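In what follows, a single structure is set out as structure tokens and then discussed.
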Amino acid sequence: MEFPPNQGLDQDEVNEQVDDALENNEVVLFMKGTELMPQCGYSRKALGLIDSYRDEYETVDVLDSLDEFRTALNRHSGWETIPQTFVDGEFVGGSDVLEELEERGELAETLDAE
0 MEFPPNQGLD QDEVNEQVDD ALENNEVVLF MKGTELMPQC GYSRKALGLI DSYRDEYETV
60 DVLDSLDEFR TALNRHSGWE TIPQTFVDGE FVGGSDVLEE LEERGELAET LDAE
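Take the sequence shown: its letters are residues 0 to 113, numbered as in the numbering used here.
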């Protein structure tokens, strides 16, 4: 089985995809891989934590255009690492921050922010 080389998206397309996801979804997780097949432990951890409190949220697989997604997300969060979680368009953090919020009993409230 052969896989075509990573074609990727150009920066403008990724910027638009990020902006649209943030504008149109209450909770968005930008991650490596998909809900069914997370491609890194940090993305898997973030997915599990969000799943504990939310039935509906958007995930965006950044692997096809990783550098472009990092650039686009950095405009909104000031971070380059993936995964990144946003609630109501506001940057919350990566899996480490979600884990800290969970330990403090604040994750459910954070994810239900209006």
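Cβ coordinates follow ideal geometry from the N, Cα and C atoms, glycine included. Here the structure is a predicted model, which means the values were calculated and not measured.
Closest Cα partner of residue i within the set the options
i	options	result
Val59	Met30, Asp95, Thr109	Met30
Gly41	Ile81, Thr33, Phe85	Sequence check: residue 41 is Tyr here, not Gly. The candidate whose alpha carbon is nearest that of Tyr41 is Ile81.
Backbone secondary structure at residue i - three-state DSSP
i	result
Glu113	In this prediction, Glu113 scores a pLDDT of 48, lower than 50, which makes its location untrustworthy; the coordinate-derived value is nonetheless stated afterwards. In this structure, Glu113 counts as coil in the three-state DSSP scheme.
Glu89	strand
Thr58	strand
Gly40	helix
Gly7	coil
Leu35	coil
Met0	At Met0, the pLDDT of 49 sits below 50, so the modelled position is not reliable and the matter cannot be decided from this model.
Glu105	coil
Thr70	helix
Cβ distance (whole Å) where residue i is taken to contact residue j below 8 Å
i	j	result
Val13	Ser64	5 Å
Check whether residue i and residue j have beta carbons under 9 Å apart
i	j	result
Glu55	Asp9	no
Leu110	Arg53	yes
Glu57	Leu46	no
Val61	Leu48	no
Task: contact_flag[the region 75-91, the region 25-34] where n(CB pairs < 8 Å) is 3 or more - done: yes
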